[in-house]
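Inspection log for the structure reproduced underneath, given as C-alpha cells.
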Amino acid sequence: MKLSEVEANTKYLTPRAPSTFKKAYPTVETIRVEMRPVGEGFEPFANMTERLEIYNENTFPAIIDCRNPRCYGGGLQLDHLIRWSVVEAKQTEYEKTIWCQGYEGSPKGRSKHGPCDTYFTVKVSVVYIKKLHDGPHAVSTHQDEMSKGTGYKPVSKTLTRTLEVAAVDIGTMAKMSSEEYQTYLRNTFIVDHHGILKSGAAGYPLAVTRAQAKALIGYLTEISPTIGEL
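So, in C-alpha cells, the structure goes:
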C-alpha cells in the first residue's frame with residue numbers, strides 16, 4: 034500500500050483536496066516543479082544520468098507514490114510541501130531533498146524492516162498573481178476568467194514566451210520502451226481542468242475544441258507513414 038492509498042483510506046472531518054489547482058492555490062499564477070526521485074522504480078530513462086519529472090499548474094499531482102515494491106505507505110506529499118513550505122511562506126524559488134516517508138516491511142505493513150531508501154529532490158519556481166492595488170478590494174490581474182465564473186474571453190492575439198523546456202534527444206527516445214514512451218507522452222500532452230489540450234512542458238494550447246483535437250489526430254495519422262524506423 035502506497036501513500037495515495039493510505040490517504041484514500043483515511044477519513045478526515047473536512048475535504049482534503051479542492052477540485053482544481055486554482056481553487057487550491059488562488060494566489061498562484063504559474064508554478065514549475067522539477068522532481069528528481071532516486072530509488073528503486075525511479076530508474077533514469079536510457080542514456081540519462083538522472084530521472085527528471087516536471088510538473089506545472091495543469092499537471093501538478095498532490096501525491097507522488099514511492100515505487101519501491103517493499104515500501105509501505107511511502108511517497109511524497111507534494112501538495113503539503115508546496116502549500117506550507119512554498120506558497121504560505123511566499124517563496125518564489127525553493128529547493129529541498131526529502132526522504133520517502135514510508136518504511137520497508139511486509140506487504141500489509143504489519144512488520145517494519147527499516148526506513149525506505151528512496152528520496153526526492155524538489156525544485157519549485159512560483160509566479161504569484163499580481164494585484165492592481167493593496168487592501169481588501171484589491172483586483173487581480175490574473176487572466177484566467179474561468180476562476181471568476183465568467184468563462185473565457187476570446188483575445189485575438191498570439192502570445193510569445195521564452196521557456197526552458199526539458200526534453201530528451203533522438204537517441205534517448207529511440208531506446209525508450211513502450212511504457213517509458215507512454216509516460217513521456219502523458220507529460221508532453223496534458224488536458225487541463227478546462228478541457229484544453231496543452232503542451233505539458235510549455236503550457237501553450239494545442240486544441241480547445243473536439244474538432245481541433247480530431248484535426249490534430251488526423252494530421253498525425255497523415256504524416257505517420259513519413260516517420261521512419263530508427
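In terms of this note's numbering, the sequence shown opens at residue 34 and continues consecutively.
Backbone N, C-alpha and C define an ideal beta-carbon position, used for all residues, glycine too.
Counterpart residues of residue i in DSSP-defined beta bridges
i, result
"L109", "I97"
"L85", "Paired residue(s): none; L85 is not in a bridge."
"I162", "BP columns for I162 are empty, so no partner."
"V241", "According to DSSP, which records beta bridges pairwise, V241 is partnered with nothing at all."
"L230", "V224, A240"
"G147", "E137"
"I203", "Answer is none; I203 lacks a bridge partner."
"R103", "In DSSP, R103 forms no bridge with anything."
"T60", "Beta-bridge pairing links T60 to no other residue."
"E67", "I87, K156"
Exposure of residue i, with buried meaning 16 or more beta-carbon neighbours within 10 Å
i, result
"Y237", "exposed"
"M68", "buried"
"T242", "exposed"
"G228", "exposed"
"D202", "exposed"
"E137", "buried"
"T183", "With a pLDDT of only 44 at T183, under the threshold of 50, the placement of this residue in the model should not be trusted, and no figure is reported."
"I260", "exposed"
"Y58", "buried"
"V119", "buried"
"V160", "exposed"
"G107", "buried"
"T92", "buried"
"K247", "exposed"
"K231", "buried"
"K186", "Interpretation of K186 is limited by its pLDDT of 46, a score under 50 that renders its predicted location unreliable; no figure is taken from the coordinates."
Closest Cα partner of residue i within the set the options
i, options, result
"V71", "C149, S37, I64", "C149"
"I96", "G251, E126, Y88", "Y88"
"N220", "L36, T63, E90", "E90"
"P77", "P94, S210, R103, S158", "S210"
"K35", "R103, T92, A240", "R103"
"T216", "K231, E86, K55, K145", "E86"
"K208", "K56, A57, A79, F75", "A79"
"F153", "E38, I131, I115", "I131"
"K164", "T60, R100, G108", "T60"
"Q124", "K156, K55, T151, L249", "K156"
"L109", "I162, K145, T151", "T151"
"L114", "K56, A240, Q134, E62", "Q134"
"K56", "I250, D112, E38, A248", "D112"
"D98", "R84, R116, F75", "F75"
"H146", "Y105, Y127, K129", "Y105"
"I64", "S37, S158, T205, A240", "S158"
"V224", "N101, L239, Y214", "L239"
Simplified DSSP assignment, three categories, for residue i
i, result
"Y152", "strand"
"L253", "helix"
"I260", "coil"
"E212", "helix"
"N80", "coil"
"T53", "coil"
"E90", "coil"
"R219", "helix"
"E38", "helix"
Worksheet item: If you scan the stretch 110-135 from start to end, which runs of the beta strand (DSSP E) of 3 or more residues do you find wholly inside it?
Response: Listed in chain order, the complete beta strand (DSSP E) runs (minimum 3 residues) inside the stretch 110-135 are 126-132.
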